[in-house]
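Single-structure report; data block below.
Protein chains in written order, with our numbering: chain A, 1 to 355; chain B, 356 to 710.
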């Protein structure tokens, strides 16, 4: 881990003097978490490690921390997502400083981008410190490179999340293609809502993957799930308690909407959305938790797992084309879903975050 | 569902007038939950269904209820376990009234009990209302039948839980065999801590199963895991946030004890204890959550998942025989584990429930 990140953490700890810290990291960063744990332990701070999965900055272990009397959280690998959490959080973003994996992929990237002059550039938080140098290298090869400003859930220029690509989609009208440096997962997320070609430059596989075609396939599969949903009756509308995935107002509104259309709809609360817990109980699910679930995990479920916007299409309240135009993953929590149909279909006045 | 249970629920709701209720049921009782949901809905109560697993009365969805603004919980299928929960809880125990499945198993039970004159009798909460009549039938056939009084986590005479058999073990010295009416799972739990033969009379399979031998096999497997633990170094001591499984003081104490013995021990907090989240990060786990996990789910893990008492054996602080005498599942949270070694090994003063 870059020593200045650890230094920043230790300075933060010295300033706040927490007695007991909850340490949370995604599986790929266990080693970084272990280093942080050691350093904290040496400072006399008691460390409790979160043993659950950690899907993103939305998945902040606030409950575990509160229930075990932790007075701070150290969250590894993600940028801030949840605003004003109930417990102080230090985000150890773990940004790579070594340009080598980028440099070695450069020829591949340039080859992929042939014919695309104007390029939108983005990266997951780990690679953000290398993005400026990558932009320079692409420019030197003749490209016009654009890096978008943060909005929505994003904190940094050029940053992407699995559910938020606003830094890049804001450039959609100005670029010929996008390049996401990080993972195929993130590249695919952008390809699902952008109309331009998207390349994922994956430093682990050292491959550059075009994703337009894959995205079209995913979208066709999504449309099939929407059609399947129409013949279901018993529907579970899922709301998660994860701090950054909790859209209770939206979920309640959808329950009312579905009931009004003759569905036997139930509001279902979960932490993780898991097929083994849910699919036997419902003929279809509506997912207001992580939007990527409906894309990445649909195959794990034997029942349709629709996003709020997809429900609107299933009910004939909007068209598939309009959903694509809006970006069926983007602008989560899809407040436009509610805004657009509030006048006609709203069973009661709620906002997505209201309890 | 027996209509008087539903009536009791509705009376409770009329008295408390909750606005929004969280409804929680184990998978096998989805139908009962649905009936309750319908009745609550008709009374104008908003129902939020818990979509996670529900492992017992220990697994009370207090957090989900609090975070979604529910002012009451209806918990189906289990008796009270957590004392003084933070939100009012109605336990819809769902007791069967139909004696038919018991009567049809009676010949099998009598056959199994041949040669065992004095019999300890117990059942899971669903079958408790039928226990008196079963005792009568066994007595009529010449048995001396004993039903133990509740203590520990148990609320009713003759009741058993997966982690508490004190109603029956209290009779161990007076009976020739035990009969658990309910499931092989519960029968096995008793067989692991009783020295008498244990029969499970399972109404679903309509079979009566002797469990002494199976229990001996499980115990030999547990001993092998204890031996395997000794050569591990990186150990995760797991504490769960489930309301009735949270033994933080015990977990912290074990971390200190293990560190003092040269183990690289970490305190790990989880909701569910899941192999996929944990086993890659540790060479061994210590489980202070549900004790049945170490028995039923050991095969899912590639690493030893020891109970606190088993750790004592691994460290040479007690003998396997002494652990069996104490009952390696019983008296959970195994406060005796701490009490017995506090003087020598305690790193700091904590109690099992202390945060």
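Note that CB positions come from ideal geometry on N, CA and C, so glycine has one too.
Closer than 8 Å to chain B by CB, residue 30 (chain A): Chain B places a beta carbon closer than 8 Å to that of residue 30 (chain A), counting this residue as a contact.
Beta-carbon contacts of residue 380 (chain B) that lie in its chain and below 7 Å, excluding the five residues immediately before and after: Result list for residue 380 (chain B): 387, 388, 409, 431, 432, in chain order.
Within chain A, partners of residue 622 (chain B) - CB distance below 9 Å: Here the neighbours are 46, 47, 48, 49, 68.
Short Cβ contact (8 Å threshold) for residue 437 (chain B) with residue 415 (chain B): In this structure, residue 437 (chain B) sits near residue 415 (chain B), with a CB-CB distance shorter than 8 Å.
Rounded separation between residue 438 (chain A) and residue 180 (chain A) - CA only: Residue 438 (chain A) is absent from the model: chain A starts at 1 and stops at 355.
Cβ separation of residue 563 (chain B) and residue 464 (chain B), assumed to be a contact under 8 Å, to the nearest whole Å: The beta-carbon separation of residue 563 (chain B) and residue 464 (chain B), rounded to 5 Å, stays under the 8 Å limit for a contact.
Interface flag, residue 603 (chain B) vs chain A, CB-CB below 8 Å: Yes, residue 603 (chain B) counts as interfacial toward chain A.
Inter-residue Cα distance where the pair is residue 637 (chain B) and residue 672 (chain B): When the Cα atoms are used, residue 637 (chain B) and residue 672 (chain B) turn out to be separated by approximately 23 Å.
Sequence-distant residues of the same chain with beta carbon closer than 6 Å to residue 628 (chain B), five excluded per side: Excluding sequence neighbours, residue 628 (chain B) sits near 593, 644, 648.
Cβ contact check for the region 305-315 of chain A and the region 247-266 of chain A: 3 or more pairs under 8 Å: Yes, they touch.
Beta strand (DSSP E) segments (min. 3 residues) lying fully within the region 591-638 of chain B: With a minimum length of 3 residues, the continuous beta strand (DSSP E) runs that stay inside the region 591-638 of chain B are 619-625.
Limits of the unbroken beta strand (DSSP E) element including residue 402 (chain B): Bounds of the beta strand (DSSP E) holding residue 402 (chain B) are 401-405.
Contact the region 148-168 of chain A vs the region 120-128 of chain A: 3+ CB pairs below 8 Å: Under the 8 Å Cβ criterion, the region 148-168 of chain A counts as touching the region 120-128 of chain A, having at least three qualifying pairs.
C-beta atoms of residue 373 (chain B) and residue 427 (chain B) nearer than 8 Å: In this structure, residue 427 (chain B) lies closer than 8 Å to residue 373 (chain B) by Cβ.
Residues near residue 599 (chain B) by beta carbon distance below 6 Å, same chain, minus five either side: Same-chain partners within the cutoff: 413, 436, 437.
Residues of the region 252-277 of chain A with Cβ closer than 7 Å to any Cβ of chain B, in chain order: Residues passing the 7 Å Cβ filter: 266, 267, 268, 269, 270, 271, 277.
Min CB distance residue 710 (chain B) to chain A below 8 Å: Any reading at residue 710 (chain B) must be qualified, since the residue scores a pLDDT of 38, below 50, and its modelled position is unreliable; the value itself is stated next. Closer than 8 Å to some Cβ of chain A, the Cβ of residue 710 (chain B) qualifies, so yes.
Cβ neighbour criterion (16 or more within 10 Å) applied to residue 173 (chain A): Residue burial annotation: residue 173 (chain A) is exposed, with fewer than 16 other C-beta atoms found within 10 angstroms of its C-beta.
Cα-Cα separation between residue 15 (chain A) and residue 214 (chain A), rounded to whole angstroms: Here the alpha carbon of residue 15 (chain A) sits roughly 48 Å from the alpha carbon of residue 214 (chain A).
Bounding residues of the beta strand (DSSP E) (the contiguous stretch that carries residue 356 (chain A)): The structure shown has nothing for residue 356 (chain A), since chain A only spans 1 to 355.
Within chain B, the residues that residue 241 (chain A) reaches when beta carbons sit closer than 9 Å: Per Cβ cutoff of 9 Å: 418, 419, 422, 423.
Selection from A:277, A:56, A:232, A:102 that minimises the alpha carbon distance to residue 300 (chain A): The option with the nearest alpha carbon to residue 300 (chain A) is A:277.
Proximal residues of chain A, C-beta to C-beta of residue 392 (chain B) below 9 Å: Result: 266.
contact_flag[the region 565-583 of chain B, the region 543-553 of chain B] where n(CB pairs < 8 Å) is 3 or more: Taking a cut-off of 8 Å on C-beta distances, the region 565-583 of chain B touches the region 543-553 of chain B, as three or more cross pairs fall below it.
Cα-Cα separation, residue 375 (chain B) to residue 538 (chain B): Linking residue 375 (chain B) to residue 538 (chain B) through their CA atoms gives a straight-line distance of about 34 Å.
Inter-residue spacing [alpha-carbon to alpha-carbon] between residue 617 (chain B) and residue 585 (chain B): Distance between the alpha carbons of residue 617 (chain B) and residue 585 (chain B) is about 11 Å.
The region 90-109 of chain A contacting the region 446-454 of chain B, beta-carbon criterion three pairs below 8 Å: Here the region 90-109 of chain A makes no contact with the region 446-454 of chain B; the two share fewer than three CB pairs at distances below 8 Å.
Sheet register partners of residue 356 (chain A) (DSSP bridge): Summary: the structure shown does not reach residue 356 (chain A), with chain A confined to residues 1 through 355, and so no result is reported for it.
Every unbroken beta strand (DSSP E) within the region 119-149 of chain A, with a cutoff of 3 residues, ordered by chain: For the region 119-149 of chain A, whole beta strand (DSSP E) runs of length 3 or above, ordered along the chain, are 144-146.
Residues from the region 102-126 of chain A in contact with chain B, defined by Cβ distance under 8 Å: Under the 8 Å Cβ criterion, the region 102-126 of chain A contributes no residue.
Where the alpha helix (DSSP H) through residue 578 (chain B) begins and ends: Unbroken alpha helix (DSSP H) run through residue 578 (chain B): 567-585.
Short Cβ contact (8 Å threshold) for residue 39 (chain A) with residue 49 (chain A): Going by C-beta atoms, residue 39 (chain A) is not nearer than 8 Å to residue 49 (chain A).
Through-space distance from residue 145 (chain A) to residue 443 (chain B), alpha-carbon basis: Between residue 443 (chain B) and residue 145 (chain A), the C-alpha separation is close to 59 Å.
Unbroken alpha helix (DSSP H) run spanning residue 681 (chain B), endpoints: Looking at the DSSP string, the run of the alpha helix (DSSP H) that includes residue 681 (chain B) is 675-681.
Beta carbon of residue 440 (chain B) nearer than 8 Å to that of residue 417 (chain B): Yes, they are a contact pair.
Simplified DSSP assignment, three categories, for residue 725 (chain B): Here chain B has residues from 356 to 710 only, and residue 725 (chain B) is not among them.
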